[in-house]
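Novice: Protein chains in written order, with numbering that gives the first Met the number 0: chain A, 0 to 200; chain B, 0 to 204. Even for Gly, the Cβ is constructed at its ideal location relative to N, Cα and C. Being a predicted model, the structure only gives us computed values, none of them experimental.
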Amino acid sequence: MRYLISSFCLLFIACGSYSKKRNFQIQTTSNKIIHNPYFSNEKKDYVYKANIAVYDKLFSGIFIVKKLGEANHRIVFTTEMGNKIFDFSFLNDTFKVNFIIEDINKAILINILKKDFKALVQEKIPIIKSYSSQDTLVYETALDNKKHFYFKTQQLNKIIRVKNGKEKVTFLFLEINDIIANQIKISHSNIKLKINLKSIN
Amino acid sequence: MRNIIYILFFMSVALHAQTKMSTAESATLKAKVKAQAFTINTLLSDFTQYKHLDFLSNDIITSGKLSFKSPNMVKWEYVTPFKYAVLFKNETLFINDEGKKSNIDIGSNKMFKQLNTLIINSVKGDMFDENEFDITCFKNGANSEVYFSPKDKKFSKYIKAFQIIFNKDGDVVELKMIEPSEDYTKIVFSNRTVNMNLSDAIFNQ
Chain A
0 MRYLISSFCL
10 LFIACGSYSK
20 KRNFQIQTTS
30 NKIIHNPYFS
40 NEKKDYVYKA
50 NIAVYDKLFS
60 GIFIVKKLGE
70 ANHRIVFTTE
80 MGNKIFDFSF
90 LNDTFKVNFI
100 IEDINKAILI
110 NILKKDFKAL
120 VQEKIPIIKS
130 YSSQDTLVYE
140 TALDNKKHFY
150 FKTQQLNKII
160 RVKNGKEKVT
170 FLFLEINDII
180 ANQIKISHSN
190 IKLKINLKSI
200 N
Chain B
0 MRNIIYILFF
10 MSVALHAQTK
20 MSTAESATLK
30 AKVKAQAFTI
40 NTLLSDFTQY
50 KHLDFLSNDI
60 ITSGKLSFKS
70 PNMVKWEYVT
80 PFKYAVLFKN
90 ETLFINDEGK
100 KSNIDIGSNK
110 MFKQLNTLII
120 NSVKGDMFDE
130 NEFDITCFKN
140 GANSEVYFSP
150 KDKKFSKYIK
160 AFQIIFNKDG
170 DVVELKMIEP
180 SEDYTKIVFS
190 NRTVNMNLSD
200 AIFNQ
């Protein structure tokens with residue numbers, strides 16, 4: 000019985016919330032929504048040189064995002080020579096694969112990319128709780144029913160997807176110029192997947 | 000009313016700009032291009048690539064240099080807006096991505112082999128293989144426009160047609176790869192030099 004209690008205690012500590020582990024201080028805020036502005040301009044074609052590392056394989060190409068309307072984004076990845084690798088649409092809560100090459104047409108991979116890209120393009124996310132950590136404001140959200148923390152100093156610098164109190168995916172927005180992130184880094188901690196994007200236009 | 004007449008007039012001019020070649024004209028063009036391709040030992044050219052996606056406001060423009068040495072070495076070297084080179088040599092694809100080097104063995108990959116042959120043939124203009132493509136030739140002023148539609152079903156899922164524009168001498172001036180969705184990649188060649196001495200060092204990755 001004693002073992003059972005201590006096991007529960009350990010489990011409880013292990014599953015302690017991400018915000019507590021990180022020592023975030025609860026903050027009261029009137030903000031109900033956090034904005035991700037990096038793919039919000041309908042007039043702009045967002046074009047990035049992309050490097051993707053999956054396990055030991057390296058891929059590169061051109062990563063293109065276009066906002067086509069309210070909550071409506073198109074995401075296309077091509078090789079440098081222009082051959083399309085995939086072409087996805089996000090419209091409100093729907094996701095559509097317009098095209099994908101046969102070699103990578105795997106549900107598990109599409110699902111990972113869908114979740115990652117949703118976090119990139121979702122502009123307005125309802126805030127569940129607000130915290131502060133030194134000079135950073137941290138907002139807890141439930142993007143796609145998954146816990147995401149949004150980190151904002153002057154601008155939105157980072158998004159972290161968390162599961163069972165652990166960081167699963169980190170999105171870093173770097174070299175920010177107004178509402179353009181000239182560099183974006185996505186890294187997964189449970190699988191060997193890294194996506195680096197560098198703006199080329 | 001007058002505007003409508005003008006519009007109709009210009010539309011008919013536009014429609015007439017491109018006329019289908021007769022069988023004899025197509026055969027002449029094919030013979031000219033084949034003869035021309037046969038004489039190419041080396042080729043050096045600048046290129047500008049336009050990636051057209053219908054939903055974008057502007058085409059994505061990249062540019063660089065193309066080097067070819069007979070029989071089967073081709074290097075596409077992008078210079079702006081990023082440095083990236085892809086070299087097809089001895090059934091291997093060598094990639095240099097801003098200094099990061101990698102290679103892919105294409106010997107066992109039928110699709111890549113086809114792509115390699117196609118790239119070499121399209122650079123030379125010699126794609127007139129009726130077993131592989133449905134071929135349609137058009138005249139457009141002094142230029143000729145030829146559409147090569149892949150017969151292979153697997154291939155045609157990716158490329159609906161290659162369109163090659165030849166100048167009056169039978170040189171390739173433009174290559175367009177049209178996808179089933181009508182999005183396309185257009186490559187325009189300029190400063191083309193043929194049969195100059197090209198060192199093998201250019202083809203070392």
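In chain order, which beta strand (DSSP E) runs of at least 3 residues are fully inside the region 43–85 of chain B?
Specialist: Complete beta strand (DSSP E) runs here, min 3: 59–68 and 72–79.
Novice: Quick test of the definition: if touching needs 3 or more C-beta pairs under 8 Å, does the region 28–41 of chain A touch the region 62–69 of chain A?
Specialist: The answer is yes - the region 62–69 of chain A touches the region 28–41 of chain A, with three or more Cβ pairs under 8 Å.
Novice: So, using beta-carbon positions, are Tyr47(A) and Lys197(A) closer together than 8 Å?
Specialist: The residue you call residue 47(A) lines up with position 48 of the first sequence. The residue you call residue 197(A) lines up with position 198 of the first sequence. Yes, these two residues count as a Cβ contact at 8 Å.
Novice: Is Tyr149(A) helix, strand or coil when you go by DSSP?
Specialist: Walking along the first sequence from the start, residue 149(A) turns up at place 150. Three-state DSSP puts Tyr149(A) in a strand.
Novice: Going by C-alpha to C-alpha distance, which of Gln121(A), Ile159(A) and Glu166(A) sits closest to Lys151(A)?
Specialist: Position 152 of the first sequence, counted from the first residue, corresponds to residue 151(A). Of Gln121(A), Ile159(A) and Glu166(A), the residue nearest in Cα terms is Ile159(A).
Novice: Are the Cβ atoms of Met72(B) and Phe202(B) separated by less than 8 Å?
Specialist: Here the question's residue 72(B) lines up with position 73 in the second sequence. Here the question's residue 202(B) lines up with position 203 in the second sequence. Contact: yes.
Novice: Just the Cα atoms here: how many angstroms apart are Ile100(A) and Phe154(B)?
Specialist: Locating residue 100(A) in the first sequence gives position 101, where the first residue counts as 1. Locating residue 154(B) in the second sequence gives position 155, where the first residue counts as 1. Whole-angstrom Cα-Cα distance: 11 Å.
Novice: Can you list, in chain order, the residues of the region 59–73 of chain B whose Cβ is nearer than 8 Å to any Cβ on chain A?
Specialist: Listed by position, the residues of the region 59–73 of chain B near chain A (Cβ gap below 8 Å) are Ile59 and Thr61.
Novice: Just the Cα atoms here: how many angstroms apart are Lys184(A) and Lys193(A)?
Specialist: Here residue 184(A) refers to the residue found at position 185 when the first sequence is read from its first residue. Here residue 193(A) refers to the residue found at position 194 when the first sequence is read from its first residue. Answer to the nearest angstrom: the Cα atoms are 7 Å apart.
Novice: Exposed or buried, which one is Lys31(A) when buried takes at least 16 other CB atoms within 10 Å?
Specialist: Your numbering for residue 31(A) matches position 32 in the first sequence. Exposed, because fewer than 16 other Cβ atoms sit within 10 Å of the Cβ of Lys31(A).
Novice: Keeping to the same chain, check which residues put their C-beta closer than 7 Å to that of Gly63(B); ignore five residues upstream and five downstream.
Specialist: Residue 63(B) sits at position 64 when you count from the first residue of the second sequence. So the qualifying residues of the chain are Phe46, Trp75, Glu76, Tyr77 and Val78.
Novice: Report yes or no: do the region 128–135 of chain A and the region 102–118 of chain A share at least 3 C-beta pairs separated by less than 8 Å?
Specialist: Short answer: they don't touch.
Novice: Please list, in chain order, all residues of the same chain as Ser188(A) whose beta carbon is under 8 Å from its beta carbon, the five residues on each side excluded.
Specialist: Mapped onto the first sequence, residue 188(A) falls at position 189. Cβ within range, chain order: Lys165, Glu166, Lys167, Val168 and Thr169.
Novice: What residue does the beta strand (DSSP E) around Ile158(B) start on, and which one ends it?
Specialist: Within the second sequence, numbered from 1, the residue matching residue 158(B) stands at position 159. Note, Ile158(B): premise wrong, no beta strand (DSSP E); not H, not E.
Novice: Can you give me the Cβ contacts of Phe98(A) inside the same chain, cut-off strictly under 7 Å, excluding the 5 residues immediately before and after it?
Specialist: Here the question's residue 98(A) lines up with position 99 in the first sequence. The answer, listed in chain order, is Lys83, Phe85 and Asp86.
Novice: By the DSSP assignment, the alpha helix (DSSP H) with Lys31(A) in it spans what residues?
Specialist: Looking up residue 31(A) in the first sequence gives position 32. Segment: none, Lys31(A) is in no alpha helix (DSSP H) and carries neither H nor E.
Novice: Identify which residue in Lys95(A), Val161(A), Ser88(A) and Asn200(A) has its Cα closest to the Cα of Lys20(A).
Specialist: In the first sequence, residue 20(A) corresponds to position 21, counting from 1. Closest by alpha carbon: Val161(A).
Novice: Taking the straight line between their C-alpha atoms, what separation do you get for Tyr149(A) and Ala160(B)?
Specialist: Sequence index remark: in the first sequence, residue 149(A) carries index 150 (1-based). Sequence index remark: in the second sequence, residue 160(B) carries index 161 (1-based). Using only the alpha carbons, I get a separation of about 46 Å.
Novice: Do the CB positions of Gln17(B) and Asp170(B) come within less than 8 Å of each other?
Specialist: Numbered from 1 along the second sequence, position 18 holds the residue referred to as residue 17(B). Numbered from 1 along the second sequence, position 171 holds the residue referred to as residue 170(B). Not in contact: Gln17(B) and Asp170(B) (Cβ atoms no closer than 8 Å).
Novice: I'd like to know whether the C-beta atoms of Asp49(A) and Asn195(A) end up nearer to each other than 8 Å.
Specialist: Position 50 of the first sequence, counting from 1, holds the residue named residue 49(A). Position 196 of the first sequence, counting from 1, holds the residue named residue 195(A). Per the sequence shown, the amino acid found at residue 49(A) is Ala instead of Asp. Yes, Cβ-Cβ distance for Ala49(A) and Asn195(A) is below 8 Å.
Novice: Skipping 5 residues on each side, what residues in its chain have a beta carbon closer than 6 Å to that of Phe127(B)?
Specialist: Here residue 127(B) corresponds to residue number 128 of the second sequence, with the count starting at 1. Closer than 6 Å at Cβ, skipping near neighbours: Lys29.
Novice: Would you tell me roughly how many angstroms separate the C-alpha atoms of Asn142(B) and His34(A), rounded to the nearest one?
Specialist: As a position in the second sequence, residue 142(B) is number 143, starting the count at 1. As a position in the first sequence, residue 34(A) is number 35, starting the count at 1. Spanning the two alpha carbons is a distance of roughly 53 Å.
Novice: When you compare only the Cα positions, how much space is there between Ile134(B) and Ala180(A)?
Specialist: Looking up residue 134(B) in the second sequence gives position 135. Looking up residue 180(A) in the first sequence gives position 181. So the alpha carbons of these two residues sit roughly 46 Å apart.
Novice: Identify, in the order they occur along the chain, each residue of the same chain with its Cβ nearer than 7 Å to the Cβ of Ile127(A), setting aside the five sequence neighbours on each side.
Specialist: Position 128 of the first sequence, counted from the start, is the residue given in the question as residue 127(A). So the qualifying residues of the chain are Glu139, Thr140 and Ala141.
Novice: Would you tell me roughly how many angstroms separate the C-alpha atoms of Asn191(B) and Leu43(B), rounded to the nearest one?
Specialist: Within the second sequence, residue 191(B) is the residue found at index 192, counting from 1. Within the second sequence, residue 43(B) is the residue found at index 44, counting from 1. First, the amino acid is wrong: residue 191(B) is Arg here, not Asn. Roughly 6 Å between the two C-alpha positions.
Novice: For Leu67(A), would you say it is in contact with chain B, using Cβ-to-Cβ distances shorter than 8 Å as the test?
Specialist: Position 68 of the first sequence, counted from the start, is the residue given in the question as residue 67(A). Yes - at least one Cβ of chain B is within 8 Å of the one on Leu67(A).
Novice: According to DSSP, Tyr138(A) sits in a beta bridge with which residue or residues?
Specialist: The sequence position of residue 138(A) within the first sequence is 139, counting from 1. Paired residue(s): Ser129(A) and Tyr149(A).
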